[in-house]
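What follows is a short report on a single structure.
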Amino acid sequence: MVPGAFRGSTALSLRRELAKICDDLFWQKGCDVIVFLSDADEANWREIQRGEVGKLPDDMQPFAVYGMADRNIECWLCADPQYIAKIKERAAEDFAVDDPKGAFESAMDVSRDDKRESEIAQLVSEAPAPVLKRWLANSRSFEDFYDQLRAVSKQRECVIENLRESGP
């Protein structure tokens, strides 16, 4: 895994930066797949996703996965509010809201200076299959992200568990 890179702030600079990022990750660092994560705020996530994918260099699109959260990434992370509530010893109702960003950041002690990225990455990497299945069931945009990952994994001969066919 190679850490992410800067994203441009305007459409023109974003397109230019994405080309550089893709070149660096794919050709220079030998990445097999490039994963982008973003959020749509309150806009139509599919439309935003199509626009973002369109900014990628044409030759990189088959190797890119563009995860677009419908509101924000915290919506994905709280798509199973019981999981976060249990880990953070909070009420599940705190996270079972349209926009759980504030509750999630509070529970994780996220601050302007400390985004708690390693703790959040650990929370995701340790999520058991039943939790991932609930994320799939409760978030159309997460389901789309997962489907993209599965499709690219098959093309690149990687193994990602098919959560739809595995046991409970």
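Those letters in the sequence shown? Residues 2 to 169, per my numbering, in order. The C-beta atom is built at its ideal place from N, Cα and C for all residues, glycine as well.
Asked: For residue 31, three-class secondary structure by DSSP; Found: coil
Asked: Sheet register partners of residue 122 (DSSP bridge); Found: Bridge partners of residue 122: none, in fact.
Asked: Under 7 angstroms between C-beta atoms of residue 74 and residue 40; Found: yes
Asked: Alpha-carbon spacing of residue 159 relative to residue 23, whole angstroms; Found: 20 angstroms
Asked: Pair within 7 angstroms by beta-carbon distance, residue 93 and residue 139; Found: no
Asked: Environment of residue 65 [buried if 16+ CB atoms lie within 10 Å]; Found: buried
Asked: For residue 111, three-class secondary structure by DSSP; Found: coil
Asked: Cutoff 8 angstroms; reference residue 163; Cβ partners in own chain excluding five residues on either side; Found: 151
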